[in-house]
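Reading through the structure tokens given below for one structure.
Chains as they are written, first to last, in my numbering: chain A, 131 to 461; chain B, 131 to 461.
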């Protein structure tokens, strides 16, 4: 299915290039196309397609086109996110604002902001191409408001005070669990005319599995292998990303451990040596073990709901497989 | 009609508030609502409604709802634009990133970026609420790509070399003339099932009138009365906004005049004294007179097309009135 999504995106981008013939504009659009087409795991389109299949749809083209819309939307958000976080790399390549910084830092940021907005607009074009109506569109709108709110709470959170566990949980619910799992499943379901009970089941297992997915991501952001994840393993600590993992470390830290966290977590000058000390605190406070446990509990809850609901058996089997892959991955 | 647009926007925003109950998120959404509702002239919705009326539609609610979508889209772009330009004021009030800077500069920029993205998303919700289909949606998509390209060429333009007249004309065509006049008229026309000839006429007079509108805006940005325009009259010169007006001044400048332009135009340290000297150069090179002449020629061409085409007479009369207001205004 990943290949189909890539092909749909490629076909869309070929037809919807820059509306003005200009070499520098073409450079920007070229980078944007590369960013969208070099797009990682395609989790959202797969879940959208499985959401439709779960409700009995066998023709996946419509759901994958809506899934391609989700990918374009996500690309737009990531491009903006990278500007906000001053990230240098994304998926092992320079971020768009960095790739355009050879024309000036401010130019790179402004141009990347605009290219992100173009990616967001492509999402709506693809949603139209999918022929999405009524409930599917309403869910797409809802999903956007949720992810924006989740991101807003996230940027607020990581600039001011010691991270709070509750707040970090709210952030991952809106920024990831609903956005990456629950809503894509439901949008696929809505396209296939799923009954309300199945839509509720998509929420009942999508939310815990989505949370587990983000908790895994947070662990990988601190303890992952950069050759696998494609991004420097120091970034999350340096930017002070306020994760459930780190919030637990703060909550359980002794005096000296908390001092270390306050001094270096979110410090732009964080070096490898102090990053290693932060990791040790996260291990010693049992935060790592605690979050691994949270992941397992959420996977259990999610799988129980997934196995109990009335849905297409092929879709169920594929979702069980994905649940494991997403929550026990190393990249 | 302006009151109807405001009411439609207000009703939409009341229903589509922040999806998470949180005081700081509420602050951001409050600022965003204020920004959207305090939205200036509502030119695009008016043109959208007149585009529909021109094709014989008498019920304006649909076109005004699509017009409200255009306003939300525009709000999102302006919020991002203000970040890119580090603008302090918009319509006499602090820009959103400034209003949120009390929580930190970076927070203000990131939060405003997200709020801008939310405004862009509201546009799609309102377009759905208008029941826009087929051609109207395609034109909306086209319009977005055009304005993004126009902005991209604009930021490129004003950071590198002496401004070029040709490039400045391309920018105003895509960033303003199509975006603010031609496409809103056509979207209204498409909603009303306008025949292809009328859609062509909307382009034939929309484009020159839209260019004239922007040329007037550029003059007001340099020579306007801040108590009327709501923004400091030094900003455009200080940020080096690459207008047709300034491009003409560069093209006609003598040696010392060009030196002055190069030294102070786009210089962040521009003070009132040197701004006055720049204005004098723009007058002395005949750039001001030339652009006034360009405006009149475009208004003439536009009005000729507008008077010649087959359309509803009330809509035509309203458009003639607007053409004058938009191109001979002082705010």
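We put the CB at the ideal spot given by N, CA and C, even for glycine.
Query                                                                                                                                                                                    : Result
Closer than 7 Å by beta-carbon distance: list the chain B residues that pair up with residue 283 of chain A, in chain order.                                                             : 150, 152, 155
Can you check whether the C-beta of residue 240 of chain B is within less than 9 Å of a C-beta belonging to chain A?                                                                     : yes
Applying the 10 Å Cβ sphere with the 16-neighbour rule, what's the burial state of residue 444 of chain A?                                                                               : exposed
Using CA coordinates, which residue listed in A:237, A:461, A:459 is at the minimum distance from residue 214 of chain B?                                                                : A:237
I want to see whether chain B comes within less than 9 Å of residue 196 of chain A, judged by CB atoms only; does it?                                                                    : no
Please list the segments of the alpha helix (DSSP H) lying wholly inside the segment 198-235 of chain A, counting only runs of 4 or more residues, in order along the chain.             : 226-229
Between the C-alpha atoms of residue 377 of chain A and residue 233 of chain B, what's the straight-line distance to the nearest angstrom?                                               : 21 Å
Helix, strand or coil for residue 384 of chain B per DSSP?                                                                                                                               : coil
Would DSSP call residue 138 of chain B helix, strand or coil?                                                                                                                            : helix
Let me confirm a value: residue 188 of chain A is counted as buried when at least 16 other C-beta atoms fall within 10 Å, else exposed. Which label applies?                             : exposed
Determine contact between the segment 195-210 of chain B and the segment 243-259 of chain B, defined as no fewer than three beta-carbon pairs at a distance below 8 Å.                   : yes
Apply the 10 Å Cβ neighbour rule to residue 413 of chain A and answer buried if 16 or more other Cβ atoms are within range, or exposed otherwise.                                        : exposed
For residue 201 of chain B and chain A, any beta-carbon pair shorter than 9 Å?                                                                                                           : no
So is residue 304 of chain A in contact with chain B if we call contact Cβ pairs under 9 Å?                                                                                              : yes
For residue 308 of chain A, count neighbouring C-beta atoms within 10 Å of its own C-beta (all shown protein chains included) and say buried if the count is 16 or more, exposed if not. : buried
Would you kindly work out how many angstroms separate the C-alpha atoms of residue 178 of chain B and residue 322 of chain A, rounded to a whole number?                                 : 34 Å
Residue range of the alpha helix (DSSP H) that residue 434 of chain A falls in?                                                                                                          : 417-438
Anything in chain A within Cβ reach of residue 317 of chain B, meaning under 7 Å, just list it in chain order.                                                                           : Those within 7 Å of residue 317 of chain B in chain A number zero; the least Cβ separation is about 14 Å.
Would you call the CB atoms of residue 273 of chain A and residue 190 of chain A closer than 9 Å?                                                                                        : no
My assumption, with CB atoms under 8 Å, is that residue 395 of chain B sits in contact with residue 367 of chain B. Please give the rounded CB distance.                                 : 6 Å
Would residue 184 of chain A pass as a contact of residue 446 of chain A if the rule is Cβ separation under 9 Å?                                                                         : yes
Using a Cβ cut-off of 8 Å, pull out every chain A residue sitting near residue 248 of chain B, in sequence order please.                                                                 : 274, 275, 278
Which of helix, strand or coil does DSSP assign to residue 277 of chain B?                                                                                                               : helix
Does residue 152 of chain B come out as helix, strand or coil in the three-state DSSP assignment?                                                                                        : coil
Roughly how many whole angstroms lie between the Cα atoms of residue 242 of chain B and residue 160 of chain A?                                                                          : 27 Å
Mind reading off the beta-carbon distance from residue 453 of chain A to residue 429 of chain A? Whole number of angstroms is fine, and I expect it under 8 Å.                           : 6 Å
Hey, residue 173 of chain B and residue 301 of chain B: beta-carbon distance below 9 Å or not?                                                                                           : no
For a quick check, are the C-beta atoms of residue 335 of chain A and residue 433 of chain A less than 9 Å apart?                                                                        : yes
Would you kindly work out how many angstroms separate the C-alpha atoms of residue 459 of chain B and residue 167 of chain B, rounded to a whole number?                                 : 22 Å
Between the segment 335-346 of chain A and the segment 358-372 of chain A, can you find at least three pairs of beta-carbon atoms closer than 8 Å?                                       : no
How about residue 462 of chain B: is its C-beta nearer than 9 Å to some C-beta of chain A?                                                                                               : Not covered by the structure: residue 462 of chain B. The range shown for chain B is 131 to 461.
Could you tell me the alpha carbon to alpha carbon distance between residue 222 of chain B and residue 363 of chain B, rounded to whole angstroms?                                       : 12 Å
If you scan the segment 249-316 of chain A from start to end, which runs of the beta strand (DSSP E) of 3 or more residues do you find wholly inside it?                                 : none
Name the chain B residues that come within less than 9 Å of residue 214 of chain A, Cβ to Cβ?                                                                                            : 236, 239, 240, 243, 244
With H, G and I counted as helix, E and B as strand and the rest as coil, what does DSSP make of residue 131 of chain A?                                                                 : coil
So residue 183 of chain B is in the alpha helix (DSSP H); what residue range does that whole segment cover?                                                                              : 173-184
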